[in-house]
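Enquirer: Quick one: structure below, then a few questions.
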Amino acid sequence: MASKYKRFHPKKWAGVYVYELEEQYNGAPDLCFFINFRSGRRLIWEKIGKISEGYGPDVAAEIRGKRVKAVRHGEEVKTAKEIRREKAEKDRTFKEIADAYFEIKGPSLKGIVTDKNRYAKHLEPLCGNRTVSEITPQIIEELRKSLGDRKPATLWNALELFRRITNFGFKTNRCPALSFQIEMPVKDNEVIEYLKPDEVQRFLGVVRDWPVKDVANMLLLAFFTGMRRGELFKLETQDIDFHMKLIRIRDPKGGKSVSIGMSSVAEEVIRDQFAWRAENFPQSVYVFPGKFGDQRKDCSAVDKIKKAAGLPVKFRPFHGLRHHFAVTLANSGKFTLDMIAEMLTHKNAEFTKKKYGQFLPESMTAASNAAAAILGKL
1 MASKYKRFHP KKWAGVYVYE LEEQYNGAPD LCFFINFRSG RRLIWEKIGK ISEGYGPDVA
61 AEIRGKRVKA VRHGEEVKTA KEIRREKAEK DRTFKEIADA YFEIKGPSLK GIVTDKNRYA
121 KHLEPLCGNR TVSEITPQII EELRKSLGDR KPATLWNALE LFRRITNFGF KTNRCPALSF
181 QIEMPVKDNE VIEYLKPDEV QRFLGVVRDW PVKDVANMLL LAFFTGMRRG ELFKLETQDI
241 DFHMKLIRIR DPKGGKSVSI GMSSVAEEVI RDQFAWRAEN FPQSVYVFPG KFGDQRKDCS
301 AVDKIKKAAG LPVKFRPFHG LRHHFAVTLA NSGKFTLDMI AEMLTHKNAE FTKKKYGQFL
361 PESMTAASNA AAAILGKL
């Protein structure tokens with residue numbers, strides 16, 4: 001490497017070299033200064049800068065002196081290039097971080113397809129080529145404006161995904177922490193789905209007579225336990241404890257594996273499903289096996305049941321049945337919201353209270369009666 005450079009002065013500024021450039025500066029070729037020094041057995045070359053940038057042999061010699069002093073005192077010496085490389089490694093582009101997030105977190109993400117689509121549509125065009133340190137509140141404001149005509153939940157989901165990706169980047173040393181706090185919008189378009197009494201009767205009537213027994217049993221278990229779609233798909237024989245009347249839910253959305261109670265009705269459904277499985281997929285470990293006895297990936301037949309039962313078009317069978325389960329318990333007045341949170345395996349009971357507190361009888365009826373009593377005295 002030394003053959004590329006010439007010693008700037010044979011007797012002054014030891015270790016300072018120069019490289020003549022094609023560019024002109026003040027009527028002469030511009031010069032770029034380099035220094036070299038040893039760290040152990042390693043000879044290190046470091047670019048300092050050009051004359052046109054304000055650098056000269058004295059500045060180069062001063063920097064070299066600091067490097068040599070650091071080596072002599074056993075300190076770790078890094079060149080400007082190495083520091084820039086390290087900074088780049090710790091402040092990667094948002095796209096690089098997002099790619100790593102989906103690759104590493106992918107298997108554990110519940111809605112990875114939705115997240116990837118949301119990222120590609122809303123986040124990548126605006127943030128993809130920027131490093132996290134380059135993302136400012138103004139850029140987030142641009143994101144808000146680009147989603148201005150969408151529902152608040154759409155913006156909330158986009159910002160929440162952005163926050164997840166940047167937090168992942170910080171925790172894995174791929175970027176610095178975000179320098180500002182994101183103000184999340186209020187979601188006011190969330191609908192709590194539940195069935196009316198006549199819809200419940202139609203649903204149960206259709207399901208109990210449905211010819212495809214495993215799908216019917218899966219919906220019945222969802223109806224009587226409030227289990228999530230993914231939890232039903234992953235349910236294995238080892239998760240069923242008839243003796244203790246428990247159903248073990250592994251890796252739920254809330255985090256750690258938990259167990260929920262098995263009612264007599266749920267037990268009857270599971271035993272019926274075991275009998276069906278013994279005839280059709282005797283080797284499968286899954287309670288509701290999919291193709292070839294493997295874990296089920298989808299269940300389009302539920303839409304046919306929904307249509308046959310005359311349920312609302314926007315009703316989402318698994319999601320809606322879970323809501324219906326929670327609403328029914330809350331409205332009965334026999335369960336506290338803490339109990340409902342535990343039965344739904346919610347990680348945070350506050351989430352349950354916020355979502356289903358409105359359905360407690362005392363929340364509506366008692367409040368209305370109290371208001372009437374007060375107003376009646378006026």
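Once you know that position 17 of the sequence shown is 17 in the UniProt record's numbering, the rest is easy, because the numbers rise by one and skip nothing. A virtual CB, placed ideally from N, CA and C, is assigned to each residue, including glycine. Quantities reported herein were computed from a predicted structural model and do not represent experimental measurements.
In whole angstroms, give me the CA-to-CA distance for Trp13 and Val77.
Expert: Within the sequence shown, numbered from 1, the residue matching residue 13 stands at position 13. Within the sequence shown, numbered from 1, the residue matching residue 77 stands at position 77. If you take the alpha carbons of Trp13 and Val77, they lie about 20 Å apart.
Enquirer: Once the 5 residues before and after Ile112 are set aside, which same chain residues still bring their CB inside 6 Å of it?
Expert: Position 112 of the sequence shown, counted from the start, is the residue given in the question as residue 112. Once the five neighbours on either side are set aside, the close Cβ partners of Ile112 are Gly106.
Enquirer: How long is the line joining the alpha carbons of Leu21 and Tyr5, rounded to whole angstroms?
Expert: As a working note, residue 21 is residue 21 in the sequence shown. As a working note, residue 5 is residue 5 in the sequence shown. Between Leu21 and Tyr5, the C-alpha separation is close to 11 Å.
Enquirer: Is it buried or exposed, Asp214, if we count other Cβ atoms within 10 angstroms and call 16 or more buried?
Expert: If you number the sequence shown from 1, residue 214 lands on position 214. Buried, by the Cβ-count rule.
Enquirer: Count the CB pairs spanning the region 168-188 and the region 243-253 that are closer than 8 Å, and state whether there are at least three.
Expert: No: fewer than three Cβ pairs fall under 8 Å.
Enquirer: Determine the DSSP secondary structure at Glu23, reduced to helix, strand or coil.
Expert: Here residue 23 refers to the residue found at position 23 of the sequence shown. Three-state DSSP puts Glu23 in a strand.
Enquirer: Could you check how far apart the C-beta atoms of Phe224 and Ala275 are, in whole angstroms? I think they sit under 8 Å.
Expert: As a first step, residue 224 must be located in the sequence shown, where it is residue number 224. As a first step, residue 275 must be located in the sequence shown, where it is residue number 275. So it is not a contact: roughly 18 Å between Cβ atoms.
Enquirer: Kindly identify the DSSP beta-bridge partner or partners of Phe34.
Expert: For the purposes of this step, residue 34 is taken as the residue at position 34 of the sequence shown. Per DSSP, Tyr17 and Lys47.
Enquirer: Count the C-beta pairs between the region 39-48 and the region 59-73 that are closer than 8 Å, then say yes if the count reaches three, no if not.
Expert: As far as the Cβ criterion goes, the region 39-48 touches the region 59-73, which means the pair count is three or higher.
Enquirer: Between the C-alpha atoms of Phe325 and Ala301, what's the straight-line distance to the nearest angstrom?
Expert: Here residue 325 refers to the residue found at position 325 of the sequence shown. Here residue 301 refers to the residue found at position 301 of the sequence shown. For Phe325 and Ala301, the distance between alpha carbons rounds to 21 Å.
Enquirer: Answer yes if the region 335-345 comes into contact with the region 196-212, meaning at least three C-beta pairs across the two stretches below 8 Å, and no otherwise.
Expert: No, the region 196-212 is not in contact with the region 335-345.
Enquirer: According to DSSP, is Arg248 helix, strand or coil?
Expert: Locating residue 248 in the sequence shown gives position 248, where the first residue counts as 1. Arg248 falls in the strand class under three-state DSSP.
Enquirer: Pick out whichever of Ile51, Glu23 and Gly226 has its Cα sitting closest to the Cα of Phe34.
Expert: As a position in the sequence shown, residue 34 is number 34, starting the count at 1. With distances taken between Cα atoms, Phe34 lies closest to Ile51.
Enquirer: For Ala60, which of Phe8, Tyr25 and Glu23 has the nearest alpha-carbon?
Expert: Walking along the sequence shown from the start, residue 60 turns up at place 60. That would be Phe8, whose Cα lies nearest to the Cα of Ala60.
Enquirer: What are the boundary residues of the beta strand (DSSP E) that Ser332 is part of?
Expert: Reading the sequence shown from its first residue, position 332 is the one you call residue 332. Run containing Ser332: none in the beta strand (DSSP E); it sits in the alpha helix (DSSP H), Pro317 to Ser332.
Enquirer: Check the DSSP bridge columns for Ala28 and list the partner residues they point to.
Expert: As a position in the sequence shown, residue 28 is number 28, starting the count at 1. Answer is Tyr25, bridged to Ala28.
Enquirer: By how many angstroms is the C-alpha of Lys171 removed from the C-alpha of Phe102?
Expert: Here residue 102 is taken as the residue at index 102 of the sequence shown, counted from 1. Here residue 171 is taken as the residue at index 171 of the sequence shown, counted from 1. Rounded to whole angstroms, Phe102 to Lys171 spans 15 Å at the Cα level.
Enquirer: Please state whether DSSP places Lys234 in a helix, a strand or coil.
Expert: Within the sequence shown, numbered from 1, the residue matching residue 234 stands at position 234. The answer is helix: DSSP assigns Lys234 an H, G or I state.
Enquirer: If I measure Cβ to Cβ from Glu236 and keep anything under 7 Å in the same chain, skipping five residues before and after, which residues do I get?
Expert: Counting from one through the sequence shown, the residue named residue 236 turns up at place 236. Cβ neighbours of Glu236 beyond the five flanking positions: Val285, Tyr286 and Val287.
Enquirer: Where does the unbroken alpha helix (DSSP H) through Gly148 begin, and where does it stop?
Expert: Position 148 of the sequence shown, counted from the first residue, corresponds to residue 148. Unbroken run through Gly148: none, as it is neither H nor E.
Enquirer: Might you give, ordered along the chain, the residues of its own chain that have their beta carbon closer than 8 Å to the beta carbon of residue 441, omitting 5 neighbours on each side?
Expert: Since the displayed the chain opens at 1 and closes at 378, residue 441 lies outside it and no answer follows.
Enquirer: Determine the burial state of His122: buried for a count of at least 16 other Cβ atoms within 10 Å of its Cβ, exposed for fewer.
Expert: Counting from one through the sequence shown, the residue named residue 122 turns up at place 122. Classification of His122: buried, given that the 10 Å Cβ count is 16 or more.
Enquirer: Relative to the C-alpha of Asn157, which candidate in Lys116, Ser179, Pro125 and Phe242 has its C-alpha closest?
Expert: Walking along the sequence shown from the start, residue 157 turns up at place 157. With distances taken between Cα atoms, Asn157 lies closest to Lys116.
Enquirer: Look at Asp303 and Pro317 and say whether their C-beta atoms are less than 9 Å apart.
Expert: Residue mapping note: residue 303 aligns to position 303 of the sequence shown, counting from 1. Residue mapping note: residue 317 aligns to position 317 of the sequence shown, counting from 1. Yes. Within cutoff.
Enquirer: Here's the rule: buried if 16 or more other CB atoms are within 10 angstroms of the residue's CB, otherwise exposed. What is Leu378?
Expert: As a working note, residue 378 is residue 378 in the sequence shown. With a pLDDT of only 48 at Leu378, under the threshold of 50, the placement of this residue in the model should not be trusted; the figure read from the coordinates follows. Looking at its Cβ environment, which holds fewer than 16 other Cβ atoms inside 10 Å, Leu378 is exposed.
Enquirer: Can you list, in chain order, the stretches of the beta strand (DSSP E) that have 3 or more residues and sit fully within the region 152-238?
Expert: Counting only runs of 3 or more, we get nothing.
Enquirer: Taking Thr79 and Arg130 to be in contact with their CB atoms under 8 Å, please state how far apart those CB atoms are, rounded to whole angstroms.
Expert: Within the sequence shown, numbered from 1, the residue matching residue 79 stands at position 79. Within the sequence shown, numbered from 1, the residue matching residue 130 stands at position 130. At roughly 26 Å, the Cβ-Cβ gap does not stay under 8 Å, so Thr79 and Arg130 are not in contact.
Enquirer: Near Phe281, what residues of its chain come up, given a Cβ to Cβ distance below 7 Å and the 5 sequence neighbours on each side ignored?
Expert: As a working note, residue 281 is residue 281 in the sequence shown. Excluding sequence neighbours, Phe281 sits near Pro289 and Gly293.
Enquirer: Drop a sphere of 10 angstroms on the beta-carbon of Lys307, count the other beta-carbons inside from all chains shown, and report buried for 16 or more, exposed for fewer.
Expert: As a working note, residue 307 is residue 307 in the sequence shown. Under this definition Lys307 is an exposed residue.
Enquirer: Ignore the nearest five residues each way along the sequence and tell me which others in Glu160's own chain have a CB closer than 8 Å to its CB.
Expert: By 1-based counting over the sequence shown, the position of residue 160 is 160. Answer for Glu160: Met184, listed in chain order.
Enquirer: With C-beta atoms as the reference, is Arg229 less than 9 Å away from Cys299?
Expert: As a working mapping, residue 229 is identified with position 229 in the sequence shown. As a working mapping, residue 299 is identified with position 299 in the sequence shown. Going by C-beta atoms, Arg229 is nearer than 9 Å to Cys299.
Enquirer: Does DSSP put Ile135 in a helix, in a strand, or in coil?
Expert: On the sequence shown, position 135 is the one that residue 135 refers to. Correct three-state label for Ile135: coil.
Enquirer: Mind checking Gln283: buried by the 16 CB within 10 Å criterion, or exposed?
Expert: On the sequence shown, residue 283 is found 283 positions in, with the first residue counted as 1. Exposed, by the Cβ-count rule.
Enquirer: Who are the Cβ neighbours of Pro57 in its own chain at under 6 Å, not counting the five residues just before and after it?
Expert: As a working note, residue 57 is residue 57 in the sequence shown. Cβ neighbours of Pro57 beyond the five flanking positions: Phe8, Trp13 and Val16.
Enquirer: Between the C-alpha atoms of Ala2 and Tyr19, what's the straight-line distance to the nearest angstrom?
Expert: Here the question's residue 2 lines up with position 2 in the sequence shown. Here the question's residue 19 lines up with position 19 in the sequence shown. Bear in mind that a pLDDT of 49 at Ala2, under 50, signals an unreliable position, so the number given afterwards is only what the model happens to contain. Approximately 10 Å, taken between the alpha carbons.
Enquirer: Mind checking which residues open and close the beta strand (DSSP E) that includes Val258?
Expert: As a first step, residue 258 must be located in the sequence shown, where it is residue number 258. Here the beta strand (DSSP E) through Val258 covers Val258 to Gly261.
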